[in-house]
Structure formats: structure tokens, C-alpha cells
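Taking the numbering used here, the leading residue of the sequence shown gets 2, the next gets one more, and so forth.
Accompanying notes for the structure given below.
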Amino acid sequence: QSILRRDGRSLIVASLDHNQLAELYVIRAELEGLAAALAAKHATREEVRVLRDLVAEDQQRVDDPSALARANRRFHKQIHLASHNRYLVQQLDLVHRTMALLATTSLAVEGRGQAAMAEHARIVAAIAAGDAGEAREALKDHISKAFETRLKVDAGN
């Protein structure tokens with residue numbers, strides 16, 4: 002895994018070690034879980050409809066990892082915005098910019114796209130029901146499974 006770092010006046014690609022990757026996923030799971038919980042409390046009907054539409058549309062992208070990765074970013078961004086907490090959105094933007102620097106996506110692993118779509122449906126159902134606890138757990142489980150997939154891929158390299 003790689004990330005950019007400054008070397009004097011230029012940027013170079015540096016390796017993300019196992020601990021750094023784990024730290025990134027820990028903070029992502031916590032912040033994303035909080036965003037989902039807040040979205041369950043504060044999302045408008047329109048925001049919930051958009052989330053449902055995204056889940057339905059993304060089913061068409063399951064066999065295209067790059068399109069699914071873009072759709073996944075849109076889905077997570079919509080949850081961030083539905084939290085209605087600008088400070089949380091800022092922190093999640095930073096986390097997602099860091100994630101974008103990773104060379105691969107866990108969604109490219111066979112079967113992960115379909116599983117992720119089922120996880121997204123669970124998250125949206127909890128948000129729509131106003132169940133903050135379930136929304137938080139569903140999103141944290143989703144991030145945990147993505148991390149587990151990434152670890153398996155990295156172990157095979």
C-alpha cells in the first residue's frame with residue numbers, strides 16, 4: 002500500500018505499513034459509524050430516498066470494480082452529508098482522501114462487490130428506520146469486512 006509524503010520540495014510515494022493501514026481503518030470505522038448513526042437521526046426523507054436509489058443503481062455496477070468504487074465513494078459521501086455535521090464531514094473527507102491514495106480497492110476482489118451491496122442495503126435500512134445503533138453497527142461491520150478483504154489481498158501479494 003502507498004501514500005504520498007513530502008521529501009523536501011517534492012512528493013514521493015511511501016509505503017503504508019500494516020499498523021498504519023490498521024489505524025486508518027480503525028478511525029474510518031469509528032467516524033463512518035458515527036456518520037451513519039447521525040444520519041439515522043437527521044437524514045431527510047429526500048436523503049433517504051437518494052441512499053435507496055444509490056443502492057439500487059449500484060447493483061448494476063457489481064461486475065465493474067472501478068465504477069463500483071466510484072459509486073461506493075458517492076454512497077459514503079451521501080451518508081456523511083446526511084449526518085448534518087460539517088465537522089464530521091470534514092474529517093471523513095480527510096480519511097477518504099487518504100484512502101483514495103491506496104493502490105487497490107477491496108471491491109475488486111471477486112464476490113466483494115455483491116457482499117458490499119448487501120451491506121449498503123443493511124445500512125440504508127437502519128438509517129431509514131431511524132435506528133442509530135443499528136446504522137452505526139452496520140456501517141462499522143461494512144468497514145471491518147472491507148479491511149479484512151484488503152488484509153487477505155495484501156497477504157497474497
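Idealized CB from N, CA, C, for every residue including glycine.
Computed from a predicted structure; not experimentally measured.
Span separating the alpha-carbon of residue i from that of residue j
i	j	result
residue 154	residue 93	24 angstroms
residue 32	residue 141	9 angstroms
residue 75	residue 52	10 angstroms
residue 136	residue 102	27 angstroms
residue 133	residue 44	11 angstroms
residue 78	residue 84	10 angstroms
residue 127	residue 157	35 angstroms
residue 1	residue 29	Given a span of 2 to 158 for the chain in the structure shown, any question on residue 1 remains unanswerable.
residue 62	residue 10	40 angstroms
residue 117	residue 125	12 angstroms
residue 115	residue 18	28 angstroms
residue 86	residue 96	16 angstroms
Residue i - containing alpha helix (DSSP H), residue span
i	result
residue 21	19 to 43
residue 67	66 to 83
Beta-carbon proximity list for residue i, same chain, < 6 angstroms, skipping 5 on both sides
i	result
residue 123	139
residue 90	81
residue 70	106 and 108
residue 88	none
Own chain partners of residue i with C-beta closer than 7 angstroms, once the 5 adjacent residues on each side are dropped
i	result
residue 148	26
residue 150	107, 110 and 113
residue 20	none
Cβ-Cβ separation, residue j to residue i (assumed contact under 8 angstroms), whole Å
i	j	result
residue 121	residue 59	7 angstroms
residue 49	residue 129	5 angstroms
Residues near residue i by beta carbon distance below 8 angstroms, same chain, minus five either side
i	result
residue 42	131 and 133
>> Does the contact criterion of 3 or more C-beta pairs under 8 angstroms hold for the region 31 to 46 versus the region 54 to 71?
In response: no
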